[in-house]
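Taken in sequence, the protein lines are chains A and B.
Quick note: to get the working numbering, add 87 to the position in the first sequence (first position is 1).
Quick note: to get the working numbering, add 87 to the position in the second sequence (first position is 1).
C-beta atoms are modelled at their ideal positions from N, C-alpha and C, and glycine is treated no differently.
Comments concern the structure below.
There are 2 protein chains.
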Amino acid sequence: MNENDDRLAGDLALAVVRFARHLRGRRKDSTVSLTQLSALNALASDGPLTPGQLAARERVQPPSMTRVIASLADLGLVSREPHPTDGRQVIVSLSDEGEHVINGEAEAREAWLRGRLDELSSADRDTLGGAVGIINRIIAGQG
Amino acid sequence: MNENDDRLAGDLALAVVRFARHLRGRRKDSTVSLTQLSALNALASDGPLTPGQLAARERVQPPSMTRVIASLADLGLVSREPHPTDGRQVIVSLSDEGEHVINGEAEAREAWLRGRLDELSSADRDTLGGAVGIINRIIAGQG
DNA sequence: TATTGTTATACTCTATAACTATA
DNA sequence: TATAGTTATAGAGTATAACAATA
Numbered sequence: 088m089n090e091n092d093d094r095l096a097g098d099l100a101l102a103v104v105r106f107a108r109h110l111r112g113r114r115k116d117s118t119v120s121l122t123q124l125s126a127l128n129a130l131a132s133d134g135p136l137t138p139g140q141l142a143a144r145e146r147v148q149p150p151s152m153t154r155v156i157a158s159l160a161d162l163g164l165v166s167r168e169p170h171p172t173d174g175r176q177v178i179v180s181l182s183d184e185g186e187h188v189i190n191g192e193a194e195a196r197e198a199w200l201r202g203r204l205d206e207l208s209s210a211d212r213d214t215l216g217g218a219v220g221i222i223n224r225i226i227a228g229q230g
Numbered sequence: 088m089n090e091n092d093d094r095l096a097g098d099l100a101l102a103v104v105r106f107a108r109h110l111r112g113r114r115k116d117s118t119v120s121l122t123q124l125s126a127l128n129a130l131a132s133d134g135p136l137t138p139g140q141l142a143a144r145e146r147v148q149p150p151s152m153t154r155v156i157a158s159l160a161d162l163g164l165v166s167r168e169p170h171p172t173d174g175r176q177v178i179v180s181l182s183d184e185g186e187h188v189i190n191g192e193a194e195a196r197e198a199w200l201r202g203r204l205d206e207l208s209s210a211d212r213d214t215l216g217g218a219v220g221i222i223n224r225i226i227a228g229q230g
């Protein structure tokens, strides 16, 4: 690690937290929060999941996911149904409207961020795209 | 914008929020939260500031910054002193101990993240470093 | 009257601990 | 007894609205 790498952890942590603050704050007009969207996204990628699987996938504790699922169910974006063979478990599925939020509202969502990204050079967008992949690998690598 | 760029806003937003969740969760043993550290960092970069200036710099509302400053003052990491000429304003300064947190504890902080970064290739670290610069420019560009 | 900062209050997101139902 | 999920409770971080002090 060179000198820049030495500061990378601190710089990256601050940049990510500040950026997350902006992203949460700038999308108040959206139908779902980023936390909710992240869970919807997991269901869209992996199909129906139990709350426990969703919590593991999103790296939050089960009670946290219970609340996210409840809020999404209130909005009609997911449905909860009993597991066919195990009475303890629940199957959470994306509803038609939830699918619509994932698929159909990409244009409207993240309007602020899309505006900022449009102003960047193509090379900078490639760098951010690369960083997204690296971040997702870092997160996925954590058991 | 090509097809990948089309999805970049959504992918980036999810990656940042998930990553921020990890970063906040993984540093519970640290003396200060990332929010507190971010404010300390601003004072270290810019010198003493008023609460209003800090709030603007960190892009939070003044009452939010009041709470952050109060928590940092409780920890002895900043001091609050009256403005010399304007009785309404307050000057917030880094204390010696606050400076120590900024300068001296880099090694101990972000241990989890540093471990993950060590496992990356040098090229990946460069990509993340580039992304940090781009993110900071995006944030700084917002009035 | 306008500005700066604080207090009061509330909401979101997350956690741990305790509980219920089922296996 | 062990597992899956929920409820109860708490704490951090953020916001808006109302207030006090000063300019």
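Roughly how many angstroms separate the alpha carbons of Ala157 of chain A and Ile189 of chain A, rounded to a whole number?
One C-alpha to the other measures close to 18 Å.
On the CB-based measure, 16 or more other CB atoms within 10 Å of its CB, does Gln148 of chain B come out buried or exposed?
By the neighbour-count rule (16 or more Cβ atoms within 10 Å), Gln148 of chain B is not buried but exposed.
Quick one: what's Arg167 of chain A bridged to in DSSP?
Beta-bridge pairing links Arg167 of chain A to A:Val179.
Mapping the DSSP letters down to three states, classify Leu136 of chain B as helix, strand or coil.
DSSP places Leu136 of chain B in strand when its eight states are reduced to three.
What did DSSP end up calling Ser151 of chain B once you bin it into helix, strand or coil?
Three-state DSSP puts Ser151 of chain B in a helix.
Alpha carbon to alpha carbon, how far is His187 of chain B from Arg167 of chain A? Give it in angstroms, no decimals.
For Arg167 of chain A and His187 of chain B, the distance between alpha carbons rounds to 51 Å.
Inspect the beta-carbon positions of Val155 of chain A and Thr122 of chain A and report whether they are closer than 8 Å.
Yes, the Cβ-Cβ distance between Val155 of chain A and Thr122 of chain A is below 8 Å.
Taking only the alpha-carbon atoms, compute the straight-line gap between Pro138 of chain B and Arg146 of chain B and give it to the nearest angstrom.
When rounded, the distance between both Cα atoms is 12 Å.
Answer yes if the region 209-216 of chain A comes into contact with the region 168-183 of chain A, meaning at least three C-beta pairs across the two stretches below 8 Å, and no otherwise.
Judged by Cβ distances under 8 Å, the region 168-183 of chain A makes no contact with the region 209-216 of chain A, as fewer than three pairs qualify.
Please classify Leu207 of chain A: does DSSP put it in a helix, a strand, or coil?
In the structure shown, Leu207 of chain A sits in coil (DSSP, three-state: anything other than H, G, I, E or B).
Taking 7 Å as the line, does the beta carbon of Glu206 of chain A fall inside it for any heavy atom of the ligand MN?
Judged by which ligands are present, the structure shown has none, so any question about the ligand MN falls away.
Give the residues of chain A in contact with Ile225 of chain B, contact being defined as C-beta atoms less than 7 Å apart.
Under the 7 Å cutoff, chain A gives Arg203.
Could you pull out every residue in the same chain whose Cβ sits closer than 8 Å to the Cβ of Val177 of chain B, ignoring the five residues on either side in sequence?
Here the set comprises Thr137, Pro138, Arg167, Glu168, Pro169, His170.
Could you tell me which chain A residues have their CB closer than 7 Å to the CB of Arg167 of chain B, listed as they occur along the chain?
Within 7 Å Cβ-Cβ: nothing; Arg167 of chain B doesn't reach chain A, min ~23 Å.
Should Arg96 of chain A and Arg111 of chain B be called a contact, given that it needs their Cβ atoms to be closer than 8 Å?
The question names Arg, yet the displayed sequence has Ala at residue 96 of chain A. No.
Could you give the C-beta distance for Ser151 of chain B and Ala143 of chain B, rounded to a whole number, given that I count them as a contact under 8 Å?
With 8 Å as the limit, Ser151 of chain B and Ala143 of chain B do not qualify as a contact, their Cβ atoms being about 12 Å apart.
So, does the CB of Gly97 of chain B fall closer than 8 Å to a CB anywhere in chain A?
So, interface residue.
When burial is assigned at 16 or more other CB atoms within 10 Å of the CB, is Ala198 of chain B buried or exposed?
With fewer than 16 Cβ atoms within 10 Å of its Cβ, Ala198 of chain B is classed as exposed.
By how many angstroms is the C-alpha of Ser125 of chain B removed from the C-alpha of Ala160 of chain B?
Each residue's Cα considered, the two are about 15 Å apart.
Under 8 Å between C-beta atoms, does Ser125 of chain B make it to chain A?
Yes, because at least one Cβ of chain A sits closer than 8 Å to the Cβ of Ser125 of chain B.
Closest Cβ-Cβ distance between Ile221 of chain B and chain A: below 8 Å?
Answer yes: the Cβ-Cβ gap between Ile221 of chain B and chain A drops below 8 Å somewhere.
Going by alpha carbons, who is nearest to Ala129 of chain A out of B:Ala129, B:Ile221, B:Leu101?
Of the listed residues, the one whose Cα sits closest to Ala129 of chain A is B:Leu101.
On the criterion of 16 or more Cβ atoms from any shown chain inside 10 Å, does Gly216 of chain B qualify as buried, or is it exposed?
By the neighbour-count rule (16 or more Cβ atoms within 10 Å), Gly216 of chain B is buried.
Could you check the C-alpha separation between Gly163 of chain A and Arg203 of chain A for me, to the nearest Å?
The alpha-carbon atoms of Gly163 of chain A and Arg203 of chain A are separated by roughly 31 Å.
Would you mind sorting Asp98 of chain A into buried or exposed? The rule is 16 or more other CB atoms within 10 Å of its CB.
Looking at its Cβ environment, which holds 16 or more other Cβ atoms inside 10 Å, Asp98 of chain A is buried.
In this structure, does DSSP put Leu162 of chain B in helix, strand or coil?
Of the three classes helix, strand and coil, the one that applies to Leu162 of chain B here is coil, per DSSP.
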